[in-house]
Amino acid sequence: MDTKALIAAYYDAFNAGRTDEMLTYLHDEVEHHVNEGGIRRGKDMFAEFNAHMTTSYKENLTDIVIFANEAGDRAAAEFVVNGTYLKTDEGLPEAAGQTYRLPAGTFFTIRDGKIARVTTYYNLNEWTRQVVG
1 MDTKALIAAY YDAFNAGRTD EMLTYLHDEV EHHVNEGGIR RGKDMFAEFN
51 AHMTTSYKEN LTDIVIFANE AGDRAAAEFV VNGTYLKTDE GLPEAAGQTY
101 RLPAGTFFTI RDGKIARVTT YYNLNEWTRQ VVG
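All residue numbers in the sequence shown are consecutive under full-length UniProt numbering, ending with 133.
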């Protein structure tokens, strides 16, 4: 599978809520660099993050544009996050079913045909403004 198809499959699984399938696209030693947070290493940590996110948020990504370098070992995606805040996340405002819409982007490193790094960026202050409203 080429790099753009790999990233597209990863996001298709995300949008369908198939977080277990997302793990199949990840390298065993994946590094997940979280916006405003630390680095989670390995598929188990990524799976824990997904479980937490699924409990607190319902999100769908639209307007996805995927870029990849010629070597296929680096990629990026730009998209819009359309979400609903379901359950209060520690340190964040109280959840009450608020909706939000944010531009975001992710950078990827590809190794051995799998995603070895996921680094996502979005504007947390804008998210907070939308959910506090």
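Note that CB positions come from ideal geometry on N, CA and C, so glycine has one too.
Can you tell me the Cβ-Cβ gap for residue i and residue j, rounded? I've got them flagged as a contact below 8 Å.
| i | j | result |
| --- | --- | --- |
| V131 | Y100 | 6 Å |
| K4 | L23 | With a Cβ gap of about 20 Å, K4 and L23 do not count as contacting. |
Tell me which residue opens and which closes the beta strand (DSSP E) that residue i is part of.
| i | result |
| --- | --- |
| V34 | V34 -> no beta strand (DSSP E), and no H or E assigned at all. |
| T109 | 99-111 |
| A76 | 74-85 |
| E59 | 57-68 |
Skipping 5 residues on each side, what residues in its chain have a beta carbon closer than 6 Å to that of residue i?
| i | result |
| --- | --- |
| E78 | V65, G105 |
| A76 | F67, F107 |
| A13 | E21, M22 |
| E48 | none |
Quickly, what does DSSP pair residue i with across the bridge? List them, please.
| i | result |
| --- | --- |
| T19 | Answer is none; T19 lacks a bridge partner. |
| Y10 | Y10 is not bridged to any residue. |
| K114 | R111 |
| T88 | Answer is none; T88 lacks a bridge partner. |
| T24 | None, per the DSSP bridge assignment. |
| T119 | H33, F107 |
So, residue i versus residue j, is the Cβ gap smaller than 7 Å?
| i | j | result |
| --- | --- | --- |
| E31 | R18 | no |
| L61 | I115 | no |
| E59 | G37 | no |
| N35 | Y122 | yes |
Tell me which residues share the same chain as residue i and place their Cβ nearer than 8 Å to its Cβ, disregarding the 5 neighbours each side in the sequence.
| i | result |
| --- | --- |
| S56 | Y85, L86, K87, T88, D89, A95 |
| D2 | A68, G72 |
| A8 | I64, I66 |
| L102 | V80, V81, G83, Y122, N123, E126, W127, Q130 |
| G113 | M1, L6 |
| G97 | T84, Y85, L86 |
Go to residue i, then tell me how far its alpha helix (DSSP H) extends in each direction, as first and last residue.
| i | result |
| --- | --- |
| T128 | 124-132 |
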